[in-house]
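**Q** Last residue of the sequence shown: number 184 in my numbering, and the count goes up by one each step with no gaps.
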Amino acid sequence: MPQSAPAIESITPTATTERTFTSNDRCDACGAQAYVAATFLASELLFCGHHYRKHQNAIEEQAAYVLDRTDTIAAK
109 MPQSAPAIES ITPTATTERT FTSNDRCDAC GAQAYVAATF LASELLFCGH
159 HYRKHQNAIE EQAAYVLDRT DTIAAK
């Protein structure tokens, strides 16, 4: 008899919205400092401002949640 699939926990943005990006958070595409976190069902990807803007439409269509902190770039 087949086993039932493991339950997928719902993704709640409350924990993610409190996130503060540091210089240790790096873009998964190029290694620059990350300012965007995209949460998908299976994982999270970090993006710099450039790569987020380049792929923004696709990311927002496929991600369960996107935390965009690119507004803090000029503040540094």
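C-beta: ideal position from N, C-alpha, C; glycine also.
A quick note: this is a predicted structure, and the numbers were derived from the prediction, not measured.
So what's Ala-146 in DSSP terms, helix, strand or just coil?
**A** To locate residue 146, count along the sequence shown from 1; it is residue 38. Strand.
**Q** Helix, strand or coil for Asp-179, going by three-state DSSP, please let me know.
**A** Counting from 1 along the sequence shown, the entry for residue 179 is found at position 71. Looking at Asp-179 - three-state DSSP - the assignment turns out to be helix.
**Q** In three-state DSSP terms, what is Glu-126?
**A** Position 18 of the sequence shown holds residue 126. Coil.
**Q** Can you list, in chain order, the residues of its chain whose CB lies under 8 Å from that of Glu-168, leaving out five sequence neighbours each side?
**A** On the sequence shown, position 60 is the one that residue 168 refers to. Counting only Cβ-Cβ distances below 8 Å, and skipping sequence neighbours, we find Val-174.
**Q** Determine whether the beta carbon atoms of Asp-136 and Phe-155 lie at a separation below 8 Å.
**A** The residue you call residue 136 lines up with position 28 of the sequence shown. The residue you call residue 155 lines up with position 47 of the sequence shown. Contact: yes.
**Q** On the DSSP letters alone, give me the boundaries of the alpha helix (DSSP H) that Arg-161 sits inside.
**A** Counted from its first residue, the sequence shown places residue 161 at position 53. Here the alpha helix (DSSP H) through Arg-161 covers 157–170.
**Q** Tell me whether Gly-157 is buried or exposed, calling it buried when 16 or more other Cβ atoms sit within 10 Å of its Cβ.
**A** The residue given as residue 157 occupies position 49 in the sequence shown. Buried is the call here.
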